[in-house]
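Mapping of the sequence shown onto our numbering: residues 25 to 139, in sequence order. Here the structure is laid out as structure tokens; the discussion comes afterwards.
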Amino acid sequence: MNITVDGVRPVATSLAPAVGALVRGSRIAGTIRFRDDSWATAYLLGSAEGVVIGPVVTSSVWVGRDGARTFQWDVVDGVGNLTRVYRTVTVDNTGPTLRVTKAPRTGPRSRARSK
């Protein structure tokens, strides 16, 4: 009988997009890199891609309307040690607007004098 003693959770070594990143689009991709002494799986909460095994996982989620959006990654190793990582980004899919508050007077005007 083999007994595995592993009290060490997987460690996230990098996460993209960056904290506070400005993102655009209806789906946003995220990537997590992690390490563990054994194998581990990662899952981006809300993703349709499912669970992926490996040290680098890329997945995507629907972002919805503009504003702050927090992603949650769960990384679980073979014996159930869980690391939960959060990343907050800003979704901005609304273009800038322009409002004219005062129009120029009608007719040509010139301050230059001809010689």
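Virtual Cβ for every residue (Gly too), placed ideally from N, Cα, C.
With respect to the 8 Å criterion, Val99 and Ile56 are classified as neighbours on the basis of their beta carbons.
Under the three-state reduction of DSSP output, Asp98 falls in the strand class.
In the DSSP assignment, Ser50 falls outside any beta strand (DSSP E) and carries neither an H nor an E. Within the same chain, and ignoring the five residues on either side of Ala45 in sequence, the residues whose Cβ sits closer than 8 Å to its Cβ are Val113 and Thr114. Assignment of Val113 by DSSP, reduced to helix, strand and coil, places it in the strand class. The C-beta distance from Arg111 to Gly54 rounds to 7 Å, short enough to fall under 8 Å. Ranked by Cα distance from Arg108, the options Met25, Thr94, Thr121 and Pro120 are led by Thr94. Per DSSP, Trp86 is one residue of the beta strand (DSSP E) stretching across Val80 to Trp86. Taken atom to atom, the span from the alpha-carbon of Arg33 to that of Ser71 is near 22 Å. In the DSSP assignment, the residues bridged to Ile56 are Leu39 and Val81.
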